[in-house]
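Residue numbers (the working numbering): 462 to 857. Glycine included, every Cβ here is placed at the ideal spot set by N, Cα and C. It should be emphasised that the depicted structure is a prediction, and the values quoted were computed from it without experimental measurement. To keep things clear, I will list the structure first and then write my remarks on it.
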């Protein structure tokens with residue numbers, strides 16, 4: 462008999478009932494160090510006092526009115542994001558998947574309204590992940606996402622990751638945009654080198670193609686800059702945002718230049734919940750905290766400490782780990798064992814990590830974790846690796 466919750470998830474046998482900072486408390490009382498952050502969502506940890514206070518205040522004032530009316534919290538958050546980024550305008554969504562849908566619509570509408578309706582193709586990349594909507598899976602193109610869900614939305618072209626020759630040869634008179642994650646998350650913590658992103662921006666400019674960046678997972682302080690593309694010194698035309706921007710409250714956004722948003726006039730897109738007072742009040746608090754230069758500097762410092770410790774861990778357990786990937790606090794351990802075995806061993810040490818493609822486990826801690834918690838995570842990873850070694854001995 463089917464469960465009352467649609468069985469589309471392969472869940473770990475854990476039931477968390479409370480969160481405190483970088484920690485999750487299981488129903489049986491065990492305390493897990495959270496290096497998953499709800500898949501890079503809880504950027505300021507669990508039950509952050511400032512977010513709780515902002516949410517409580519807003520909940521006692523106004524929850525929802527719809528986008529038929531002005532929403533002051535939405536305007537405040539949009540103004541903050543425009544002041545802090547390349548963008549001239551922002552549309553608020555509830556998720557990264559919804560942000561992908563709008564980014565695709567915006568790119569295609571841009572060319573339609575410029576008298577070139579044939580420009581509909583969007584170039585995407587092997588290993589990418591842009592959500593599980595019809596447009597998102599069509600963009601990524603991977604069989605594990607698309608199988609059984611045809612016919613797929615046409616107009617997407619996949620090329621190998623960071624293969625500039627393939628990208629160039631794929632651009633035609635029908636190409637509307639290129640969509641890429643500066644740092645792949647689901648794809649196995651694969652960073653796009655800064656020079657590649659700069660080359661991609663130049664290519665888009667030369668061919669009159671829009672550049673869409675998917676910073677749903679790597680944005681909002683996760684890499685040590687407010688947004689990951691800042692490391693390369695370039696700016697996109699359109700950017701997808703979600704996860705960390707709400708600090709755990711469902712919130713997403715599409716940021717765009719005035720030029721890229723040219724075709725998005727009244728009635729071309731909408732959302733009942735998107736940008737409601739509750740979500741945007743929390744989002745304002747998140748942005749205020751994470752955009753602070755001293756906060757981002759501390760993320761970079763903690764990243765260096767964690768990476769150095771992880772490199773030592775890899776050296777100590779060459780049978781288990783191959784290398785460390787990523788930057789900021791969006792890191793991955795490439796495993797030699799099946800990553801699900803390492804993940805299970807981490808659960809055994811009451812440490813939360815997240816699986817990814819290419820046999821990687823992701824480490825996505827809250828951005829405000831302490832140095833002591835970094836040390837504790839390394840200890841638990843070390844114990845998990847040792848447990849994996851014992852299992853290997855027993856099976857050989």
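query	result
Status (buried if at least 16 other CB within 10 Å, exposed otherwise) for residue 740	buried
The segment 839-849 touching the segment 797-814, judged by at least three CB pairs closer than 8 Å	yes
For residue 506 and residue 827, believed in contact at Cβ under 8 Å, the rounded distance	4 Å
Touching by the beta-carbon criterion (3+ pairs, under 8 Å), the segment 540-552 and the segment 758-773	no
Residue 795 - DSSP class collapsed to helix/strand/coil	strand
Contacting residues, own chain, Cβ-Cβ under 8 Å from residue 781 (five flanking each side not counted)	796, 797, 798, 803, 846, 849, 850
Buried/exposed call for residue 647, threshold 16 Cβ in 10 Å	buried
Cβ pair count under 8 Å reaching 3, the segment 669-682 against the segment 628-639	yes
Three-pair Cβ contact test at 8 Å for the segment 768-784 versus the segment 829-844	yes
Option nearest residue 485 by Cα separation, candidates 812, 620, 735	812
Counterpart residues of residue 652 in DSSP-defined beta bridges	644
Of the residues 570, 599, 563, 543, the one placed nearest residue 615, counting alpha carbons only	599
Distance, residue 747 Cα to residue 538 Cα	10 Å
C-alpha gap between residue 625 and residue 633, whole angstroms	15 Å
Rounded separation between residue 518 and residue 829 - CA only	23 Å
Residue 675 - partner residues in DSSP beta bridges	701
Runs of alpha helix (DSSP H) lying entirely within the segment 795-847, each at least 4 residues, in chain order	800-809
Spatial distance of residue 665 from residue 527 (CA atoms)	36 Å
Touch test, the segment 604-620 against the segment 642-661, Cβ-Cβ under 8 Å, three pairs minimum	no
The segment 706-722 / the segment 555-568 touching (three or more Cβ pairs under 8 Å)	yes
The beta strand (DSSP E) enclosing residue 484, as first and last residue numbers	484-487
Cβ-heavy atom distance, residue 492 to the ligand MN, below 7 Å	The ligand MN is not among the ligands present in this structure, which contains no ligands whatsoever.
DSSP state of residue 714 mapped onto helix, strand, coil	strand
Contact belief for residue 750 with residue 511 at Cβ below 8 Å, rounded distance in angstroms	7 Å
Top-ranked residue by Cα proximity to residue 736, from 532, 487, 492	532
Element boundaries [alpha helix (DSSP H), containing residue 604]	604-607
Same chain only: Cβ atoms within 7 Å of residue 752, ignoring 5 sequence neighbours per side	545, 687
Start-to-end residues for the alpha helix (DSSP H) that takes in residue 762	754-777
Buried/exposed call for residue 540, threshold 16 Cβ in 10 Å	exposed
CA-to-CA distance, residue 542 to residue 896, given in whole angstroms	No answer is possible for residue 896: the residues shown for the chain start at 462 and end at 857.
Proximity below 8 Å, CB of residue 790 to CB of residue 764	yes
Coarse secondary structure for residue 585, derived from DSSP in three states	strand
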